[in-house]
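J.:
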Amino acid sequence: MKPSIYENSRDVFLDTVNAKDYIQLERVSTIYQSLKDSIEKPLKMVLLYGKPGTGKSMFLSKLHQNLTPSQKVCLYKTPILDENEFFKILAQDLYGISYEGELNFTQFIKVVENKELVGTTIPLILLDEAQLYSTPMMEKIRLLSDTRKVKFVIALHKTEKEDIIAKEHFQTRIWESIKLENASTSELKIYIQKKLMKANCIDTASMFTQKSINLVHKLTDGNYRDVNKLIYTLFDIYVFYANNNPNKINTSEISTKFIEMSAIHTGLIDA
Amino acid sequence: MLNINDLEARHKKYKIKSYAPYFVIFASTTIIVVSITSFILYNSKIEADIKEEQKQPVIVQKIEVVSATKEKNETLQEVEQKTVQEEAEPVTAKEDIKAEQKQEKVSLSPSLDFMGKMGSNNQVYYKKEPIGAAQELPKEITIDVKQEEKKQEEKIVPKKVEKAEEVTVNLDKKTPINIARKDEQEDISYVIKRFETNHNPALSLFIAKKYYQLGNYEQAYNYALMTNEINNNIEERWIIFTKSLVKMGKKEKAVETLKKYISHSSSSQAKQLLDEILSGKFK
Ligand SMILES: Nc1ncnc2c1ncn2[C@@H]1O[C@H](COP(=O)(O)OP(=O)(O)O)[C@@H](O)[C@H]1O
Ligand SMILES: [Mg+2]
Chain A
685 MKPSIYENSR DVFLDTVNAK DYIQLERVST IYQSLKDSIE KPLKMVLLYG
735 KPGTGKSMFL SKLHQNLTPS QKVCLYKTPI LDENEFFKIL AQDLYGISYE
785 GELNFTQFIK VVENKELVGT TIPLILLDEA QLYSTPMMEK IRLLSDTRKV
835 KFVIALHKTE KEDIIAKEHF QTRIWESIKL ENASTSELKI YIQKKLMKAN
885 CIDTASMFTQ KSINLVHKLT DGNYRDVNKL IYTLFDIYVF YANNNPNKIN
935 TSEISTKFIE MSAIHTGLID A
Chain B
27 MLNINDLEAR HKKYKIKSYA PYFVIFASTT IIVVSITSFI LYNSKIEADI
77 KEEQKQPVIV QKIEVVSATK EKNETLQEVE QKTVQEEAEP VTAKEDIKAE
127 QKQEKVSLSP SLDFMGKMGS NNQVYYKKEP IGAAQELPKE ITIDVKQEEK
177 KQEEKIVPKK VEKAEEVTVN LDKKTPINIA RKDEQEDISY VIKRFETNHN
227 PALSLFIAKK YYQLGNYEQA YNYALMTNEI NNNIEERWII FTKSLVKMGK
277 KEKAVETLKK YISHSSSSQA KQLLDEILSG KFK
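Taken in sequence, the protein lines are chains A and B.
Be aware that the first sequence starts at 685, since it is given in my numbering, and climbs by one per residue.
Be aware that the second sequence starts at 27, since it is given in my numbering, and climbs by one per residue.
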């Protein structure tokens, strides 16, 4: 195989979040459905949580892309930490109103309360990396949802300990929480192969046997971000050998040794 | 960029390292198997030796009897042979006896060999007791030495003696403390069970406080958190929670959490704790 095939395969695993690269995974689809359901319920905010690299940002992007044609939906990938700024941007994006000078919470909530809904759909605000918002800010977001004139979907990541701490904010009944998890081995197989197929890398996709999938899963625990890093490096190694020592490459299956070398390079294996 | 040569080298090292445990396992199993077999062999030998030892007196007696009767018979035979040479029947009968005696002698002879062995084996066997005794002796000696030291110290530096006494007192107390801790641990698990059934925040707070007292700050943290999930407004829970955080070395997080709490509670206790944490008084 030509080096370029490995280069293309490698670039498939660049760690980017782009709705067009979204891979339909069964579990994610069911979660997606329940998320859409809860968006339709009144008075519910949705908390999307899970460890870093479980696909929260990807999920929000996909949701944003899918809903845009049918309703008002705004996605904020990074938190707007200044309160005044936050309300001004919301006013602009939701209602097309631009404010000169200050717009504080009391003023903004009045604006929201007085807005007539267009049709039955409530405008949706998607906030990524929401663990960075302060507690008072979260409280204000909750009050805004109480008006039933806007709805928030909030994505945040938590390590195991912070898992519980994050829940501090989310004790009120108006929250619905949805958890994203690492991939199982079968999901991982679908993820890797579909990703490669989408980029027309059919030859490299077929090199992933169950054995290599299992090893990748063992090394990454099915964390999508770690999987991306590992396989990116893996194909980088293939590119090197394809250019320098092609007879070292077995094109029928992924080399265990190369996977392990990638794991060493990315720090998944200590060596 | 990728440095393939370096990666290859590190991979080789990794492979060797990852096989190392198998070598260790292999080596240790061989050692274990070898030592177990030799232990069993050694034990069965000792058992055999013990059995032989038990048999020994009986054998000796028998042999004595046999040899005694043999001598008697021999003398009798001689006499009889001289006096009653013509009577064929008695002679054959006596020859039968003689034969029987000889047979007995033959069957017993191996035991005699064992007796020889027993001598040396017994020595090894009995050596064990003196070893045990010897082990006890040094203990007594060390105790004596300690007491002597104490006495010397008493004479020279009275203050030091106090310290020494403290140490011994602590040693004595060690076991009771452990028992108390175990009891408390059991108490906690009982309360945890109750908490799991009724989710009363008072119970989880109790558990958090207990764990904190016991120095198990992670559990204290967890239960303080659970308390919060149920009832956000218990002041004590925030205090225990932040204190546990500090104890776990997460001072920044503690300060952050406490500030959050103070911002919507105006708790004077929390403010005081915050001051103490910031000034390093509480750590
Ligand atoms: N369903 C999916 N389809 C395609 N790529 C995904 C999917 N889920 C996760 N990924 C990939 O995994 C990586 C990590 O996902 P991301 O959404 O950034 O995780 P998080 O926001 O939870 O930290 C991203 O590069 C993304 O491309
Ligand atoms: Mg993200």
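Every residue, glycine too, gets a C-beta built ideally from N, C-alpha and C.
Here's a check: name, in chain order, each residue in its chain whose Cβ is nearer than 6 Å to the Cβ of A/PHE697, leaving out the five neighbours to either side.
T.: As a first step, residue 697 of chain A is located in the first sequence; it is residue number 13 there, counting from the start. Taken in chain order, the residues that qualify are ASN912, ILE915, TYR916.
J.: Would a check of beta-carbon distances place B/ARG36 closer than 7 Å to chain A?
T.: Within the second sequence, residue 36 of chain B is the residue found at index 10, counting from 1. Taking Cβ atoms only, chain A reaches closer than 7 Å to B/ARG36, which makes this a yes.
J.: By the criterion of Cβ-Cβ separation under 7 Å, what are the contact partners of B/ILE51 in chain A?
T.: Start at 1 with the first residue of the second sequence, and residue 51 of chain B comes out as number 25. Residues of chain A passing the Cβ test: none, with the nearest at roughly 20 Å.
J.: Quick check on DSSP: helix, strand or coil for B/HIS225?
T.: Looking up residue 225 of chain B in the second sequence gives position 199. Note: B/HIS225 maps to coil in three-state DSSP.
J.: I'd like to know if A/ILE948 contacts chain B, where contact means its C-beta is closer than 7 Å to some C-beta of that chain.
T.: For this step, residue 948 of chain A is matched to residue 264 along the first sequence. With 7 Å as the cut-off, A/ILE948 counts as an interface residue toward chain B.
J.: When the cut-off is 7 Å and only beta carbons count, does A/THR752 lie next to chain B?
T.: Translated into the one-based positions of the first sequence, residue 752 of chain A becomes position 68. Not one chain B Cβ lies under 7 Å of A/THR752.
J.: Tell me which same chain residues have a C-beta within less than 7 Å of the C-beta of B/MET252, skipping the five on either side of it?
T.: Locating residue 252 of chain B in the second sequence gives position 226, where the first residue counts as 1. Answer for B/MET252: SER230, listed in chain order.
J.: Report yes if the C-beta of A/GLY737 is less than 6 Å from at least one heavy atom of ligand 1; otherwise report no.
T.: Position 53 of the first sequence, counted from the first residue, corresponds to residue 737 of chain A. Yes, ligand 1 has a heavy atom inside 6 Å of this Cβ.
J.: List the DSSP bridge partners of A/CYS758.
T.: The sequence position of residue 758 of chain A within the first sequence is 74, counting from 1. In the DSSP output, where bridge partners are listed per residue, A/CYS758 has A/ILE809.
J.: Of the residues A/GLU769, A/TYR706, A/LYS895, which one's Cα is nearest the Cα of A/ASN750?
T.: Taking the first sequence and counting its residues from 1, the one referred to as residue 750 of chain A is at position 66. Taking only the C-alpha atoms, the option nearest A/ASN750 is A/TYR706.
J.: Find the residues of chain B that neighbour A/PHE770, judging by a C-beta separation of less than 7 Å, and give them in chain order.
T.: Sequence index remark: in the first sequence, residue 770 of chain A carries index 86 (1-based). Within chain B, no residue comes near A/PHE770; the closest Cβ sits about 18 Å away, beyond 7 Å.
J.: Would A/GLY737 pass as a contact of A/ASN907 if the rule is Cβ separation under 7 Å?
T.: Position 53 of the first sequence, counted from the first residue, corresponds to residue 737 of chain A. Position 223 of the first sequence, counted from the first residue, corresponds to residue 907 of chain A. Yes, they are a contact pair.
J.: Is A/ASN912 close to ligand 1? I mean its beta-carbon at under 6 Å from any heavy atom of the ligand.
T.: Position 228 of the first sequence, counting from 1, holds the residue named residue 912 of chain A. Yes - ligand 1 has a heavy atom lying nearer than 6 Å to the Cβ of A/ASN912.
J.: In angstroms with no decimal places, state the Cα-to-Cα distance between A/LEU765 and A/LYS799.
T.: Start at 1 with the first residue of the first sequence, and residue 765 of chain A comes out as number 81. Start at 1 with the first residue of the first sequence, and residue 799 of chain A comes out as number 115. Each residue's Cα considered, the two are about 25 Å apart.
J.: Quick check: is the beta carbon of A/MET742 nearer than 7 Å to any beta carbon in chain B?
T.: Looking up residue 742 of chain A in the first sequence gives position 58. It does not; no Cβ of chain B falls within 7 Å.
J.: So, is the C-beta of A/THR893 closer than 7 Å to a C-beta in chain B?
T.: Here residue 893 of chain A is taken as the residue at index 209 of the first sequence, counted from 1. False, the Cβ-Cβ gap to chain B never drops below 7 Å.
J.: Spatial neighbours of A/MET945 within its chain, please: C-beta separation below 7 Å, excluding the five flanking residues on both sides.
T.: Taking the first residue of the first sequence as 1, we reach residue 945 of chain A at position 261. Same-chain partners within the cutoff: ILE921.
J.: Can you tell me whether B/ARG268 is buried or exposed? The criterion is at least 16 other CB atoms within 10 Å of its CB, across all chains shown.
T.: Translated into positions along the second sequence, residue 268 of chain B becomes position 242. Here the sequence assigns Thr to residue 268 of chain B, which means Arg is not the residue at that position. B/THR268 is buried by the Cβ-count criterion.
J.: Which residue's Cα is closest to the Cα of A/SER688: A/PRO930, A/GLY785, A/LYS824?
T.: For this step, residue 688 of chain A is matched to residue 4 along the first sequence. Residue A/PRO930 is the option with its Cα nearest to A/SER688.
J.: Report yes or no: do the region 767-781 of chain A and the region 718-734 of chain A share at least 3 C-beta pairs separated by less than 8 Å?
T.: The region 767-781 of chain A is not in contact with the region 718-734 of chain A.
J.: Excluding the 5 residues preceding and the 5 following A/ALA955 in the sequence, name in chain order all residues of the same chain whose CB lies nearer than 6 Å to its CB.
T.: Numbered from 1 along the first sequence, position 271 holds the residue referred to as residue 955 of chain A. Once the five neighbours on either side are set aside, the close Cβ partners of A/ALA955 are ILE948.
J.: Is there a Cβ from chain B that is less than 7 Å from the Cβ of A/GLU944?
T.: The residue you call residue 944 of chain A lines up with position 260 of the first sequence. Taking Cβ atoms only, chain B reaches closer than 7 Å to A/GLU944, which makes this a yes.
J.: Strictly below 8 Å CB to CB, what residues from chain A border B/LEU28?
T.: To locate residue 28 of chain B, count along the second sequence from 1; it is residue 2. Correct list: THR917, ASP920, ILE921, PHE924, HIS949.
J.: Within 7 Å (strictly less), CB to CB, does A/ALA955 reach chain B?
T.: As a working note, residue 955 of chain A is residue 271 in the first sequence. Yes - at least one Cβ of chain B is within 7 Å of the one on A/ALA955.
J.: What residues from chain A crowd round B/LEU229, counting only those whose CB sits closer than 9 Å?
T.: Here residue 229 of chain B refers to the residue found at position 203 when the second sequence is read from its first residue. What B/LEU229 touches in chain A: nothing, since even the nearest Cβ is about 17 Å away.
J.: Is the shortest distance between the beta-carbon of B/TYR40 and the beta-carbons of chain A less than 7 Å?
T.: The count along the second sequence starts at 1 and reaches residue 40 of chain B at position 14. Cβ-Cβ to chain A under 7 Å: yes for B/TYR40.
J.: Taking beta-carbon pairs under 7 Å, can you tell me which members of the region 266-291 of chain B lie near chain A?
T.: Answer in chain order: LYS286, SER289.
J.: Specify the secondary structure class of B/SER230 as computed by DSSP and reduced to three states.
T.: The residue labelled residue 230 of chain B in the question sits at position 204 within the second sequence. DSSP places B/SER230 in helix when its eight states are reduced to three.
J.: Evaluate the contact criterion for the region 860-875 of chain A versus the region 826-836 of chain A: three or more CB pairs, one atom per stretch, below 8 Å.
T.: Judged by Cβ distances under 8 Å, the region 860-875 of chain A makes no contact with the region 826-836 of chain A, as fewer than three pairs qualify.
J.: Report the three-state DSSP secondary structure of A/HIS841 (helix, strand or coil).
T.: Here residue 841 of chain A refers to the residue found at position 157 of the first sequence. The answer is strand: DSSP assigns A/HIS841 an E or B state.
J.: Check whether the Cβ of A/SER745 sits closer than 6 Å to any heavy atom of ligand 3, and report yes or no.
T.: As for ligand 3, it is missing from this structure, which binds only ligand 1 and ligand 2.
J.: Would you call B/MET27 buried or exposed, if buried means 16 or more other Cβ atoms sit within 10 Å of its Cβ?
T.: Taking the first residue of the second sequence as position 1, residue 27 of chain B is located at position 1. Its Cβ having fewer than 16 others within 10 Å, B/MET27 is exposed.
J.: Below 8 Å on C-beta distance, what does B/LEU33 contact in chain A?
T.: Walking along the second sequence from the start, residue 33 of chain B turns up at place 7. The contacting residues are ILE921, MET945, ILE948, HIS949.
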